[in-house]
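*Asks:* First the structure, which I've put down as structure tokens, then a few questions once you've had a look.
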Amino acid sequence: MHPCTISSCSVRSFIFDEEHESRIGVSTKLNLFTYPWNITKILAPSDLGHLSRLLVQTRLAERYVMPFLDDASRSEVIVNPEGLRVSVWDCDTNSMHCLVFKKWATSKSYVLINHWTKDFVRRRELAAGDEIGMCWGSFYSRFNFSVLKRASTIIIQEYADVDADHVHDHHQFIHSPQ
Numbered sequence: 066m067h068p069c070t071i072s073s074c075s076v077r078s079f080i081f082d083e084e085h086e087s088r089i090g091v092s093t094k095l096n097l098f099t100y101p102w103n104i105t106k107i108l109a110p111s112d113l114g115h116l117s118r119l120l121v122q123t124r125l126a127e128r129y130v131m132p133f134l135d136d137a138s139r140s141e142v143i144v145n146p147e148g149l150r151v152s153v154w155d156c157d158t159n160s161m162h163c164l165v166f167k168k169w170a171t172s173k174s175y176v177l178i179n180h181w182t183k184d185f186v187r188r189r190e191l192a193a194g195d196e197i198g199m200c201w202g203s204f205y206s207r208f209n210f211s212v213l214k215r216a217s218t219i220i221i222q223e224y225a226d227v228d229a230d231h232v233h234d235h236h237q238f239i240h241s242p243q
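Here the working numbering is used: the first residue of the sequence shown is 66, the next is one more, and so on.
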């Protein structure tokens, strides 16, 4: 047998090891990088407008944030009309901000409110179509935030077409990713 050939016995042993590790709740696999942004969102106009709130999908909040809060904090998010004051670390600008995380009783949605527009939309010049990422950092008990991708913008370039008899105005639309 060639030294680089894997025997069927080795493959069965590897599969058995994975199954055994899974049953006992351990793993010998090495993960060099885990994508941190488990809450991602492409911003809608409603996330940027006069309501001054960022809507967080219920299933994402209940999977990636709520299980990591203590009982008192969970209660503040769900029951207290004021919500829970949370820190939000902007990883791109190395700045800390304070927002309120709460569950709206009427829609059962989770939102980040209070200063969302001032501290994020205006300061970071967020636009509809921008993709943001967030995750709950249990070590510091805070949200981590990043702008993952900027929306494509449309640049309108005006130019004049001059011929012997007429002047024609034209608009050329150029898509330009930022």
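Don't be surprised by glycine CBs; every beta carbon is placed ideally from N, CA and C. A quick note: this is a predicted structure, and the numbers were derived from the prediction, not measured.
What three-state label does DSSP hand residue 155 in the structure shown?
*Replies:* The answer is strand: DSSP assigns residue 155 an E or B state.
*Asks:* What does residue 150 pair with, by DSSP beta-bridge criteria?
*Replies:* Answer is 165, bridged to residue 150.
*Asks:* Terminal residues of the continuous beta strand (DSSP E) containing residue 213?
*Replies:* First-last of the beta strand (DSSP E) with residue 213: 207-214.
*Asks:* Alpha carbons only, please: which of 107, 171, 197 and 115 is nearest the one belonging to residue 209?
*Replies:* For the residues 107, 171, 197 and 115, the minimum Cα distance to residue 209 belongs to 197.
*Asks:* Run through DSSP, which three-state label would residue 196 get?
*Replies:* Strand.
*Asks:* Who are residue 176's beta bridge partners in DSSP?
*Replies:* 120 and 167.
*Asks:* Where does residue 183 fall in DSSP's three states?
*Replies:* The answer is helix: DSSP assigns residue 183 an H, G or I state.
*Asks:* Shortest alpha-carbon distance to residue 102 belongs to which of 217, 211 and 215?
*Replies:* The option with the nearest alpha carbon to residue 102 is 211.
*Asks:* Tell me the rounded alpha-carbon separation between residue 126 and residue 185.
*Replies:* Distance between the alpha carbons of residue 126 and residue 185 is about 19 Å.
*Asks:* Residues in its own chain within less than 7 Å of residue 181 by CB, not counting five upstream and five downstream?
*Replies:* Excluding sequence neighbours, residue 181 sits near 117, 118, 119 and 164.
*Asks:* Quick one, are the C-beta atoms of residue 193 and residue 215 less than 9 Å apart?
*Replies:* No, Cβ-Cβ distance for residue 193 and residue 215 is not below 9 Å.
*Asks:* So, using beta-carbon positions, are residue 149 and residue 173 closer together than 9 Å?
*Replies:* No. Outside cutoff.
*Asks:* From residue 115 to residue 109, what does the alpha carbon distance come to, in whole angstroms?
*Replies:* So the alpha carbons of these two residues sit roughly 13 Å apart.
*Asks:* In chain order, what residues of the same chain lie with their CB nearer than 6 Å to the CB of residue 178, ignoring the 5 residues before and after it?
*Replies:* Excluding residues within five positions, the ones whose Cβ falls inside 6 Å are 118 and 165.
*Asks:* Would you grab the beta carbon distance between residue 144 and residue 201 for me? Rounded to a whole angstrom, and I think it's under 8 Å.
*Replies:* With 8 Å as the limit, residue 144 and residue 201 do not qualify as a contact, their Cβ atoms being about 19 Å apart.
*Asks:* Less than 6 Å between C-beta atoms, sequence neighbours within five positions excluded: which residues of the same chain meet that for residue 105?
*Replies:* Closer than 6 Å at the Cβ level, and outside the excluded window around residue 105, lie 198.
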